[in-house]
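**Q** From first to last, the protein sequence lines stand for chains A and B. When we follow the working numbering, the leftmost residue of the first sequence carries the number 7, and every step to the right adds one. When we follow the working numbering, the leftmost residue of the second sequence carries the number 146, and every step to the right adds one. Note that CB positions come from ideal geometry on N, CA and C, so glycine has one too. Structure incoming, see below.
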Amino acid sequence: MSKCGRTHLLDAMTAGEVAPALEVELRAHASACARCRHELNWLESEQRLFRHRAGRDEVQQLWQGIEQRTPRLQPSAMNRMLVALAAALLLVLGVGRLTVTGANPTAGGGTTTDAEQLQSVEWASEPMSFEDPQACSKLTPGLGFHCGTVQTSVLASR
Amino acid sequence: MLRLLTRTPAITPETPDDSLVGRAQAGETAAFRALFERHVVSVRRFLRDLLRDSHAADDATQEAFARAHAQLPKLTEKERFKPWLLGIARNVAFEARRVRVHDVYDHDSDESDVPDAVIPSPNPEALLLNQELAKQFNEALSELSPNRRAALLMRLDHGLSYDDIAANFGWSIPTVKNEIHRARLKLRALLLPHLGRLP
Chain A
7 MSKCGRTHLL DAMTAGEVAP ALEVELRAHA SACARCRHEL NWLESEQRLF
57 RHRAGRDEVQ QLWQGIEQRT PRLQPSAMNR MLVALAAALL LVLGVGRLTV
107 TGANPTAGGG TTTDAEQLQS VEWASEPMSF EDPQACSKLT PGLGFHCGTV
157 QTSVLASR
Chain B
146 MLRLLTRTPA ITPETPDDSL VGRAQAGETA AFRALFERHV VSVRRFLRDL
196 LRDSHAADDA TQEAFARAHA QLPKLTEKER FKPWLLGIAR NVAFEARRVR
246 VHDVYDHDSD ESDVPDAVIP SPNPEALLLN QELAKQFNEA LSELSPNRRA
296 ALLMRLDHGL SYDDIAANFG WSIPTVKNEI HRARLKLRAL LLPHLGRLP
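This is the structure we're talking about:
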């Protein structure tokens with residue numbers, strides 16, 4: 007195979023470093039030039055081999071090791087305390103809201119009367135059919151359910 | 146605390162490296178974490194190829210990123226983060242190897258070079274990309290001397306330009322091209338028996 011002055015451009019071409027127009031030109035040239043075709047076959051084979059082995063390795067756990075080696079990357083004690091405080095506050099607010107509004111999805115929040123709470127329980131209990139003696143006998147005792155009528159533990163405690 | 150309350154632009158896969166580097170330099174941990182997420186697979190593979198040991202590669206990857214974080218304020222060409230990071234990784238790998246085997250990596254002589262003869266063409270379409278070929282490929286890579294292997298990997302596996310590789314090694318561009326050319330010839334000679342040839 008005789009030398010060709012364009013072979014050295016093929017490396018840049020396969021690395022995506024040449025303009026699209028030049029790539030078209032080089033590929034057309036390589037189809038007619040034995041030297042360039044040979045080089046392009048090798049370059050494309052190497053490229054396929056490198057791509058094939060570039061699968062995603064398990065690397066996420068490495069971040070912890072980097073944090074340990076880099077104190078400035080570790081969350082500060084102040085930040086940790088603020089995050090914990092915010093989480094606790096959200097938890098308290100969330101639980102309080104759930105306790106007040108109960109299970110009625112139509113409730114708009116705020117305090118509710120006993121009658122409203124009873125209505126909400128009736129709404130919640132509609133899909134359940136505990137009046138069936140067989141189904142009722144399968145209920146675990148002590149959960150606040152009574153056969154014939156359905157009461158939640160919230161009402162039973164009143 | 147003020148930083149927590151200040152609104153910062155969201156980090157997305159499209160956020161360029163130089164922007165992340167700038168934000169990491171300003172102390173934004175999430176930006177450095179994003180750079181880690183983006184480059185850790187590449188860095189670990191590079192180190193595994195240099196060290197040929199998965200556990201050592203894990204350790205070296207952590208060390209490379211820890212050093213990168215420490216040296217980040219010195220990085221002025223923010224868009225060159227990846228070549229710069231691979232340069233740090235290469236130094237870490239070479240230090241690790243020196244400690245382990247007292248090998249100073251001065252074996253890049255020409256004695257093991259294959260002659261610049263015409264090697265038959267493979268058929269890229271007929272490549273059977275399977276475990277066996279992957280194993281042969283890894284073994285062929287490990288036959289290359291460490292500097293040549295590092296230069297070849299930077300170019301072919303990690304897409305660095307000749308300029309970036311030259312800057313990393315402190316070599317001239319013709320030297321980089323020559324080293325990579327020689328590495329390629331040797332790799333091709335070793336791989337040829339395992340590749341499908343053109344008729």
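Quick one: list the residues of chain A neighbouring B/Ser266, beta-carbon separation under 8 angstroms, in chain order.
**A** Position 121 of the second sequence, counted from the first residue, corresponds to residue 266 of chain B. Neighbours of B/Ser266 on chain A, chain order: Arg43, His44, Asn47, Trp48.
**Q** Rounded to whole angstroms, what's the CA-CA distance from A/Leu28 to B/Leu301? Just pull it up for me.
**A** As a first step, residue 28 of chain A is located in the first sequence; it is residue number 22 there, counting from the start. As a first step, residue 301 of chain B is located in the second sequence; it is residue number 156 there, counting from the start. Straight-line Cα distance between these residues: approximately 21 angstroms.
**Q** Inspect the beta-carbon positions of B/Leu272 and A/Arg54 and report whether they are closer than 8 angstroms.
**A** In the second sequence, residue 272 of chain B corresponds to position 127, counting from 1. In the first sequence, residue 54 of chain A corresponds to position 48, counting from 1. Contact flag set, yes.
**Q** Determine the burial state of B/Ser266: buried for a count of at least 16 other Cβ atoms within 10 Å of its Cβ, exposed for fewer.
**A** Here the question's residue 266 of chain B lines up with position 121 in the second sequence. Classification for B/Ser266: buried.
**Q** Roughly how many angstroms separate the alpha carbons of B/Thr160 and B/Ala176, rounded to a whole number?
**A** Residue 160 of chain B sits at position 15 when you count from the first residue of the second sequence. Residue 176 of chain B sits at position 31 when you count from the first residue of the second sequence. B/Thr160 and B/Ala176: Cα-Cα distance of roughly 10 angstroms.
**Q** When you compare the CB of B/Gly232 with every CB in chain A, is at least one pair closer than 8 angstroms?
**A** Locating residue 232 of chain B in the second sequence gives position 87, counting from the first residue. No - not a single Cβ of chain A is within 8 angstroms of the one on B/Gly232.
**Q** Taking 8 angstroms as the CB-CB cut-off, is A/Thr13 touching chain B?
**A** In the first sequence, residue 13 of chain A corresponds to position 7, counting from 1. By this cut-off, A/Thr13 is not an interface position.
**Q** Quick check on this structure: which residue in B/Ala234, B/Leu231, B/Glu222, B/Asn283 has the alpha carbon closest to the alpha carbon of B/Arg333?
**A** Against the second sequence, residue 333 of chain B aligns to sequence position 188. Answer by Cα proximity: B/Asn283.
**Q** Would you mind sorting A/Asn47 into buried or exposed? The rule is 16 or more other CB atoms within 10 Å of its CB.
**A** On the first sequence, residue 47 of chain A is found 41 positions in, with the first residue counted as 1. With 16 or more other Cβ atoms within 10 Å, it is buried.
**Q** For B/Ala169, which option in B/Leu278, B/His214, B/Ile318, B/Ser187 has the closest C-alpha, if you only look at C-alpha atoms?
**A** Counted from its first residue, the second sequence places residue 169 of chain B at position 24. B/Ala169 has its Cα closest to that of B/His214, out of B/Leu278, B/His214, B/Ile318, B/Ser187.
**Q** Comparing alpha-carbon positions, which option in B/Pro228, B/Val237, B/Thr157 lies nearest B/Arg193?
**A** Numbered from 1 along the second sequence, position 48 holds the residue referred to as residue 193 of chain B. Of B/Pro228, B/Val237, B/Thr157, the residue nearest in Cα terms is B/Val237.
**Q** For B/Phe210, which option in B/Leu220, B/Arg225, B/Ile233 has the closest C-alpha, if you only look at C-alpha atoms?
**A** Translated into the one-based positions of the second sequence, residue 210 of chain B becomes position 65. Here the closest residue by C-alpha is B/Ile233.
**Q** Which residues, in order along the region 211 to 222 of chain B, keep a beta-carbon less than 8 angstroms from a beta-carbon of chain A?
**A** So the close ones are Ala211, His214, Ala215.
**Q** For B/Leu274, does the count of other Cβ atoms within 10 angstroms reach 16, so buried, or fall short, so exposed?
**A** Start at 1 with the first residue of the second sequence, and residue 274 of chain B comes out as number 129. Exposed, since its Cβ has fewer than 16 Cβ neighbours within 10 Å.
**Q** Sort A/Leu79, A/Glu31, A/Ala34 by Cα distance to B/Glu173 and report the nearest one.
**A** One-based indexing of the second sequence puts residue 173 of chain B at position 28. Per the Cα distances, A/Leu79.
**Q** What span of residues does the alpha helix (DSSP H) with B/His184 cover, start to end?
**A** Your numbering for residue 184 of chain B matches position 39 in the second sequence. 174 to 196 is the extent of the alpha helix (DSSP H) around B/His184.
**Q** So that I know if they touch, is there some Cβ in chain A lying closer than 8 angstroms to that of B/Leu274?
**A** To locate residue 274 of chain B, count along the second sequence from 1; it is residue 129. Yes - at least one Cβ of chain A is within 8 angstroms of the one on B/Leu274.
**Q** Restricting to Cα atoms, I'd like to know which of B/Arg243, B/Glu222, B/Thr157 is closest to B/Ala312.
**A** Locating residue 312 of chain B in the second sequence gives position 167, counting from the first residue. Closest by alpha carbon: B/Glu222.
**Q** Quick check on B/Ser290: does DSSP put it in helix, strand or coil?
**A** Taking the second sequence and counting its residues from 1, one reaches residue 290 of chain B at position 145. Note: B/Ser290 maps to coil in three-state DSSP.
**Q** For the alpha helix (DSSP H) that contains B/Ala211, what are its first and last residues?
**A** The sequence position of residue 211 of chain B within the second sequence is 66, counting from 1. Note, B/Ala211: alpha helix (DSSP H), 199 to 216.
**Q** Ignore the nearest five residues each way along the sequence and tell me which others in A/Met19's own chain have a CB closer than 7 angstroms to its CB.
**A** As a working mapping, residue 19 of chain A is identified with position 13 in the first sequence. Hits under 7 angstroms: Glu29, Leu32.
**Q** Just checking: is the beta-carbon of A/Val30 within a distance shorter than 8 angstroms of some beta-carbon in chain B?
**A** Residue mapping note: residue 30 of chain A aligns to position 24 of the first sequence, counting from 1. So, not an interface residue.
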